[in-house]
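See structure below.
Residue numbers (our numbering): 14 to 424.
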């Protein structure tokens, strides 16, 4: 499939595709932290059970990461991406209909699996949208795409707390589900604008994914997944324990989302100049600062301030790792590489909520769970520094477009 002269600009396409992470991350995954305190009270959940519900979501995320590339091969990138978005929205909406912990866990599992499919395949579509671009423009497109997660956080932060006060946690899930379905208005035209095959492609195998150049990225990304999720799962519960009211939580979540939305635009020029490992390590350093601030003296104001460095870094780690994988590999491997990285990320997320939730139920309280997350993120910095700038034989930014155009002709 070839693009016409009237095709949307790549930045507009990436912005439309960003509806995927807005739903998969901002609404289906991270908004759970906003709804959790009310659910804990109404359903009498322990922190360990609350963490287990997020582990169910992470387990689904792991499953979705494993099946994303085969699903794209069978259905096509566009169809699988949009189908995953519909399933995610439906699972979020259905969460309003039950107070059963097993059923809620099943819905969290489904939304995690379909959300991972959306995130992986949307990232593949965003990479294709910028395949004729140089390294700086390609990084900018990925930043725009992953900033959708921040937009989803901002949206949920503005919408959920007032609904919680008026209609409880069930009403919050209804609003999140409606917003998720509304995101299709941006995702559908953007996905259709990308030059990707929309049907089965058994005759065009991508070849075996070379994992060796990805090994440090895979380990680093897994540790990041285990570390950041402690903050994202329990920070609202921590703020509540420190005396934060509904208005304060709304302000905090909106600040976190705004920082995450803007961060990609601010970081992308620097990431394009830095070596891949150093760029990832630098962002992780800022993330550690944000994760550790709630543990510092100062109480609620300091914990509130953590939204800026944490929000300004955590989605940019995703952008930087994806950009590094894109740099190391041929275009035909991009989607499979994103899937492999998401698998490592999801595996870390499966472990993180259970460990941090169990610690939070102990004598150290939520602070202990948050401390574990910060330590894991600090350890990931050392692994990030092992990432090489470019694998031998990988395409340079000047050669990549020519290599990418050849397979595009058969699509």
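A virtual CB, placed ideally from N, CA and C, is assigned to each residue, including glycine.
- Residue 245 places its beta carbon less than 8 Å from that of residue 43.
- For residue 249, the closest of 195, 380 and 281 by C-alpha to C-alpha distance is 380.
- Per DSSP, residue 103 is one residue of the alpha helix (DSSP H) stretching across 90-107.
- Burial is judged here by how many other beta carbons sit within 10 angstroms of a residue's own beta carbon; residue 344 has at least 16 and is buried.
- Considering only 353, 395 and 114, the residue with the shortest C-alpha distance to residue 69 is 114.
- At a Cβ-Cβ threshold of 8 Å, residue 290 and residue 157 do not count as neighbours.
- Taking C-beta atoms under 8 Å as the contact rule, residue 34 and residue 132 qualify, at a distance of about 6 Å.
- Contact fails between the region 182-199 and the region 308-318, because fewer than three Cβ pairs, one in each stretch, are under 8 Å apart.
- Annotation for residue 186: 108 and 109 place their beta carbon closer than 6 Å to its own, counting only its chain and skipping 5 residues before and after.
- DSSP places residue 390 within a helical segment (H, G or I) once states are collapsed to three.
- The beta-carbon distance between residue 365 and residue 61, rounded to whole angstroms, is 13 Å. This is too long to meet the 8 Å contact definition.
- In this structure, DSSP gives residue 401 a state outside helix and strand, which the three-state scheme calls coil.
- In the structure shown, residue 326 adopts coil according to DSSP, grouped into three states.
- For residue 298, the closest alpha carbon among the candidates 372, 320, 315 and 327 is that of 327.
- In the structure shown, residue 121 adopts helical secondary structure according to DSSP, grouped into three states.
- With a beta-carbon spacing of about 29 Å, residue 100 and residue 59 fall beyond the 8 Å limit used to define contacts.
- Taking 8 Å as the cut-off, the beta carbon of residue 163 is found no closer than this to the beta carbon of residue 382.
- DSSP, read as helix, strand or coil, puts residue 81 in helix.
- For residue 32, the closest alpha carbon among the candidates 359, 139 and 208 is that of 139.
- In the three-state reduction of the DSSP assignment, residue 22 falls in the coil class, being assigned neither a helical nor a strand state.
- Residue burial annotation: residue 259 is exposed, with fewer than 16 other C-beta atoms found within 10 angstroms of its C-beta.
- Excluding five sequence positions before and after residue 93, the CB atoms of its chain that fall closer than 7 Å to its own CB belong to 84, 85, 130 and 134, given in chain order.
- Using a Cβ distance threshold of 8 Å, residue 337 and residue 230 count as a contacting pair.
- The C-beta of residue 57 has fewer than 16 other C-beta atoms within 10 Å across all chains shown, which makes the residue exposed.
- In this structure, the straight-line span from the alpha carbon of residue 304 to that of residue 181 is close to 29 Å.
- Taking 8 Å as the cut-off, the Cβ atoms of residue 141 and residue 207 count as close.
- With contacts defined by Cβ atoms closer than 8 Å, residue 95 and residue 36 do not form a contacting pair.
- The criterion of a C-beta distance shorter than 8 Å is satisfied by residue 397 and residue 293.
- A distance below 6 Å between beta-carbons, with the five flanking residues on each side excluded, links residue 389 to the following residues of its chain, in chain order: 236, 239 and 240.
- Listed in chain order, the non-local C-beta contacts of residue 168 below 8 Å within the same chain comprise 35, 39, 40, 192 and 270, local neighbours out to five positions each way being set aside.
- Comparing alpha carbon positions, the residue from 317, 268, 286 and 296 closest to residue 252 is 317.
- Cβ contact annotation for residue 368 (same chain, cutoff 7 Å, sequence separation greater than five): 385, in chain order.
- Linking residue 313 to residue 355 through their CA atoms gives a straight-line distance of about 33 Å.
- Pairing residue 124 with residue 73 gives a Cβ-Cβ distance under 8 Å.
- Here the alpha carbon of residue 91 sits roughly 7 Å from the alpha carbon of residue 205.
- Between residue 295 and residue 287, the C-beta spacing is below 8 Å.
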